[in-house]
Every structure is written in structure tokens, then in C-alpha cells.
Amino acid sequence: MSPEQIIVERISSMGTAGIKKIDLRKEFQDMEIDVLIERLVTSGDISVDKKGTAYYCWHKDYYIQNLLNTDPKFRFMYEAVKHLELSVNRTSDGLAKTLETLDNNFKNSEKLTATKDLDSISQARINNEPAMQLVTFKNEFDLAIGNHSSSIGWVELSKVRNEFCKKHNISNEVFYSFVEQLTNLYHDKYELSTGGYEGLTVRGLLHGFVRCI
Amino acid sequence: MYPYGLAQNPYPSSPTPTLIDAQVLGGRRHKEAKVAVLSCIDDLNSKITGSATDKDFRLITLIQDVGSGKTHLALHIRGLHKICNNAVISYVDLSQVFPRDIHSLYGAMLRGLDKEYIHSLRKAIVYYLKDKAEQNKKRAKKFFNNGLVDLITRKSISNKAEQILDGTMVPNYSAMNQMLIGEFSAAEVYVMKLIIRGKFRDDAYNIRNMEDIITSISAMANLNLKFLKKLTILQIDEFDSDKKSLDFVKAVINAHLPSTVLMLILTPSSYEEIRKEDGSIFDRLEKANYKIDLAGSNTLEEILDIILEYVRHYDLQKCFKLQDENDLSAKIKVIYDEFPDFRNVRSMTNILYHATENASKRNARIIDEKAIDDTIKSTHPGLRIRGSIMGVPLSDFIKIRSSSNDIQMLESDVRDAVKNLLNYAHDMGSVAKFEATNGRASGIDVIYNDTSGTKVAVAVVINKDHTKNFDQISNTVKSVGFADKLLILTNAKANSGSDGTTVVNIDRCKMTDLIYFSSKYKNNEILHDDLNRALMLAKSIKLC
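Respectively, the protein sequence lines represent chains A and B. For reference, each letter of the first sequence is one residue, going -9 to 203 in the numbering used here. For reference, each letter of the second sequence is one residue, going 50 to 593 in the numbering used here.
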């Protein structure tokens, strides 16, 4: 064990009471106590403070507790700082939650856009909410399919898109992202079919027709 | 030997079905469509008494997306015994007809009739003429060149009829015109001659215009009814908006071919193109007698039944038990849910064909996860489980998903996985070693210090009554006050918790990632590649 370790252990053994520097000198006469203490203070392992007329040494784990026990001013300040820390933690948690919500919304918006349309994403996330909810889109979309469908039920997506984008002022990309989400989520309710000039790409094939099953 | 004790791979090896593949028909919607076609044929049959009129024509459209089983259904109907006894079918795949003109289209239609049919019609006609000759009809005898020598040599009309059918004797065709006049039209007699000569299919080269074609097909339909007592069904697959095809079909519809069913098979896209190309034919299609709808042909339920039906059909030893059906269904469901690319009958049967081959090579008793995993890896090397951080192989994904139907077990597995992940994060120096909860708070699974010294309590909540659980756990933690932060990992759709509580949504994919990691961790199978993935997984659920 090094002389520093011996000293640190001795100081630590005194707990919050600490030990007089002079007592250490007496106890370890063969060591250069002043040099060792200076070194330990510099490394932060111990603290030295005046108590009454004598200098005392405390281990770093007990010094603050000693101050809390003996110094009311310090105690008040410590409590104020702790309160502040709690408050910061809460704010930080709140911020994390907000970020999480934003993140979720952003992921949703990301899913909505097959080709990234930054303008529409920013538009879709005003007040942390998409400009149109999927459920609203679904209702309108079903209505549009009903209005445009032929006798066999199939509708060209471009027809629906044309009307939809004009009515709701959304871009083509946002429209198709919604369609992609909807047809993935309710794959037992919608059918896509290949062909057409625009639509969703599935299995490498352009699917430009849709219908409700 | 193939899985489930099958003697052969039950699934079609090619993307388009053959007549043999089409013997199997699965799927409720496909079966309903079949019933609709059969009822159309029955209905037409019931209307015809004696000879057919121009009212005895039916139009059927079968419209659905590519790979949904339209051709399969058409070929299945063609192969049905009931249909073979009641109808003559010509199947034409228009995608094979190029260039398209009236000759090639008519030629394809004639080639679409099978040899057996031509042989039976030829035989029926010759026997009909033989009967006439035997009834001492002079003209009929002339047809067989029946004379004095035959009388001396005792060569009967029957012998001569057989010789004509064998091709060893050439009859007197010129006698046919006068013999059959009044009973048959000139066009019918012409077709009969072609058939007896065995040159029926060559008629495609003789016709000059559309009128000739209509006359010939009409004659053929009449002969089918008269001699074979059968309807004529013309199946035209891959029907599209090509101008010549449209003109051809329009003429056939307008002609009201007697005792004939025209079945057009096309995609919604072609239907729309036809609407744009030719309003007149589109209007006719709109007024089809039967519009066969295969709506929902690519739903999970339909695909499952189709896939299972193939095995059932070839399972002669009855080795394919209910448990096997359920097991295979669960695997197919995972593929269907995870890969939108396979939400299609053709794609799924293709995967199953290769997976069956793979399982057979390994002598696997069933189509196991490995067979499916290997197949997808080799046929679709770029496909990955969506959202999987750990890169879970499909085989493990299927196993974990199958075993996670029990919510209690799932929750327990996820809880263990979180502990293992924290242990691992501690080993990597990302968090301090976690403490035992020692029953300090109900619902808390792990307590640990994060890198900033914050004491975090983690609760895994995977059940139905989430709200109650969140509040309970949160209140307990607050009252005991042993943690600075509460982290709830749940599969509920909750965005945030109350003060000091962070709720992280872990979806099925994330849970699978956790359980997969946990299994590897427990078995000391963590590889270098997994190191960063695991830490990323921990970060993604806010553990560090």
C-alpha cells in the first residue's frame, strides 16, 4: 500500500468527524505529511478545512456531509441546488417526451412520403400534427373510390389523386404515401392492381388501380 | 420424398399454370367464381331445346390483377369432367398471338381446341353419315363410294367408315353437298368436310375476312351441339386493347354465336384501356351476362386456402394433419404480414415451390422455417424484415412470432431480454450494473444507473390493461421514491406517461429483436456484427 493510500484510508476511517492535520503528523512521523496531503488535495481525494483553530482533513465522501451538518448556509445552498437539479431533470424529461412525440410524428410523416417532399412534410407537421390524419384520409378516399369506381369496382388512382390533391391541397407524394399506408394497414380491405400511369410500386410493378374489397 | 409424405412437389414450378397444376383449385373466392361460370353454362344448357338460336349466346368477363389466379381458374374449368361432358373449350392466350390479324387470331382459336375433341367430332360426323347410308340413303352411299364390288366383297359401310377414320380411304366429298342440303348450312357442310379431311385447323388460311371467321365459328358451334350435344366455350386470356383483338371480339359478340359462351380474361388495367380505346366494345363488356369477380383473391385467407389445397390434393397417404396445416399457415402468415411483395397468389406459390424443394433435399418432414428462409434468401436476396435492428433471419423471426402468441410468455421473454440487454450494455460500459428490485415496487423489473448517474426503474408492460398498469407502477415508484426516472416499455399505443415517466412503445418487430438478442446472449452466440446492433437496440428503447 502506498503512503497516499494509507493516509486516505486513515482519513476515511474518521468519517464525517474528520481528523486533525496535526494528529496525522504525529501518527505518521516517518512520512512527509504536508507534501502527501497537498498531493491528495490536488487529486481531490481529500479536503482540508479549518475547524475552530485547527486544520482538519476529510475524505471526499464525507466532507460534504460534514458541511451539511455544520454549516447551515451551505445546507441551504445545497438544498437550493438540488431543487434546481430536480427541476432541470423534469424539464429534461418533458423535453425528451416532446422530442419523442416529434420523432413519432416525423416517422409517420416520413412513411407518408414515398419521395421526400420537404415542403409537404413541414406543412404536415405544423403544431406537431399531420395536416390530415390517416383516418380522415381513409374516409375521403373510400368516398372517392365510391364516386369514381366503374361497374367492376376498380378506380384509376390518378383520378382519385387529381380530385383529392386539389380538394385538400396536398402534394402527389403525400397522397401516395397515405395510399401506401392505408393499403398496407388495411390490406384485407383494399386491392391494388397493376397498370396505369401512376400509383404505387409493388413487386417492382406499377399498381395504378385500386378498389375496396 | 417431399414434406408431409408427398410423392411430388405440389406447387407449380412455373409462373403460369399448366393444365395439370390447374386441377387443384383452392380459395373460397376462386371456388365461388368457378360456381358462377358453371351456373352460366348450366343456365345456357337449360335454355337450349333442340337447335340453338342467336339468343343462346353468353358473355363472361373475368377481371382481376396479374398473378391472382385468373388463368388458373380458366384452365381448371377447362379440365373439369363436368365441363368436358357438356362443352367444347377453345383456350386462346392472346399474349402468344403476334402479329395479330384475323388469320392469326382465328388460327389461335382453332389451335385452342384439343385434338381429342377434333377426333370425336370427326368420328361423330362420319358415323352420322354411315347411319344415313345404312338407312339406304342414296347420296350417303355415294359418299362412301359404295358400289357393286363392295356388295360382292361384303365390305360394309361400317368398314368403310372405319377406313375413312383411319385415313386409309378417301370418301366422295362432292356427295356431301347434296346429301346434307336442307339439313345443314353450306358453311356447316364445308366445316364438316374439313373435319373429315383432318384439315380443320388449316381453315385459318382459307378465310378471307371476318365474316368468313364468324360463319366458320358459328358452323362449328352448331356442329358441336348437333353431333356432340355440347356447348362451345371460347376462352380468350390476356385480352387487351389491341385494335385487331377488339375488332375480333366485337364481331364475335355481335354475331351472337349459337350455343356459345365467350369468356374474356383480362386485368383491370386492360379493361380501362379498352374503355379509352373503344367505347363500343367497352359497352358490350359492361353488359356481360356474368362478371366474375375475384375480389379479395390476394387476401391472406384466400392465399392460405390455395396453398393448403395444393398439399391436400396430393396428400394421398393423408399425412398432412391439422397440426401441419396450422403450422404451415402460421409460417405463411408471417411471410404475408412481413413482405408486401408476397401478398399475391403467384408470388406465394412460387416461394412455396422452392421451399418444398429445399425441405425435400434436407429430408425435412415439413416445410420448415429454414426452407422458407433459404428460399427467400436465394430468390429475393435483398429482402429484410422491416424495421429489424438485429437483422433477425426470417427463420428465427417465424419461430419467435409463432411462440409469442401467449401474452404471458411474451411479456416474460421481453422482460428477460431487457435484463440481458442491460447486462450486455453494462459489459460494454454503457450503463452501471443493475440492481435487484428486491420487491421494492410491484411492476418494476430492473433498476440501474445510466451514464449520467440517474437511477432508472424499468417496467415491461405487455398486456391489455395498460393504463391501469402505467398508473399503478408510476404511483408505486413515486411513493417509494427510489428511482429518479421510470421507463415503461410497452406494446400499447401511448405517446408519453405522467411526470417523470417515459413510455416507450415497442412494436412486435422490436420485441422480436429483443427476444432474438436475448437468445443469442444466453447461448453466447453474440458475434462482432451484433455488438453495435445490440447497443443500437438498447438506445432505440431508451435504455441507454
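Each residue gets a CB set at the ideal place from its N, CA and C atoms; glycine is no exception.
DSSP places residue 71(A) within a helical segment (H, G or I) once states are collapsed to three. Taking CB atoms only, residue 151(A) has no neighbour in chain B less than 8 Å away.
The C-alpha of residue 502(B) lies about 33 Å from the C-alpha of residue 457(B). When only Cα atoms are considered, residue 575(B) and residue 194(A) end up about 36 Å apart. Taking all protein chains in view, the Cβ of residue -1(A) is surrounded by fewer than 16 other Cβ atoms within 10 Å, so the residue is classified as exposed. Comparing alpha carbon positions, the residue from 399(B), 425(B), 383(B) and 415(B) closest to residue 452(B) is 383(B). Approximately 4 Å separates the beta-carbon atoms of residue 498(B) and residue 481(B); this is inside 8 Å, confirming the contact. Taking a contact to require three or more Cβ pairs closer than 8 Å, the stretch 283 to 297 of chain B and the stretch 143 to 154 of chain A do not qualify as touching. Using a CB distance cut-off of 8 Å, residue 421(B) does not count as an interface residue toward chain A. With 16 or more other Cβ atoms from the protein chains shown falling within 10 Å of its own Cβ, residue 49(A) counts as buried. Residues of the same chain with a CB within less than 8 Å of the CB of residue 269(B), apart from the 5 flanking positions on each side, are 240 and 281 in chain order. Rounded to whole angstroms, the gap between the alpha carbons of residue 587(B) and residue 535(B) is 16 Å. Judged by DSSP in its simplified three-state form, residue 185(A) adopts strand.
Taking the beta carbon of residue 316(B) as reference, the chain A residues within 8 Å of it are 183, 184 and 185, listed in sequence order.
Residue pairing for residue 309(B): DSSP places it in a beta bridge opposite 106(B) and 281(B).
Secondary structure at residue 9(A): strand, using DSSP grouped into helix, strand and coil. According to the DSSP assignment, residue 535(B) belongs to the beta strand (DSSP E) that extends over 534 to 539.
Under the DSSP assignment, residue 370(B) falls outside any alpha helix (DSSP H); it carries neither an H nor an E label. Residue 244(B) places its beta carbon less than 8 Å from that of residue 174(B). When DSSP states are grouped into helix, strand and coil, residue 510(B) belongs to the strand group. Contacts with chain A (Cβ-Cβ distance below 7 Å) from the stretch 298 to 331 of chain B involve 316, 317, 318, 320 and 321, listed in chain order. Interface annotation for the stretch 32 to 58 of chain A against chain B: empty, criterion Cβ-Cβ distance under 8 Å.
As far as DSSP is concerned, residue 128(A) takes part in no beta bridge. Judged by pairs of C-beta atoms under 8 Å, the stretch 433 to 442 of chain B does not touch the stretch 458 to 466 of chain B, as fewer than three such pairs exist. At least one CB atom of chain A sits nearer than 8 Å to the CB of residue 344(B). Of all alpha-carbon atoms in 176(B), 51(B), 164(B) and 531(B), the one lying nearest the alpha-carbon of residue 248(B) is that of 164(B). Straight-line spacing of the CA atoms in residue 133(B) and residue 125(A) works out to 51 Å.
When the beta-carbon positions are compared, residue 47(A) and residue 9(A) come within less than 8 Å of each other. Secondary structure of residue 143(B) (DSSP, three-state): helix. Just so you know, the alpha carbons of residue 223(B) and residue 275(B) end up roughly 22 Å apart. With 16 or more neighbouring CB atoms inside 10 Å of its own CB, residue 89(B) falls in the buried class.
Residue environment for residue 136(B): buried (at least 16 other C-beta atoms within 10 angstroms of its C-beta).
The criterion of a C-beta distance shorter than 8 Å is satisfied by residue 186(A) and residue 148(A). Under the 8 Å criterion on CB atoms, residue 177(A) is classed as interfacial with respect to chain B.
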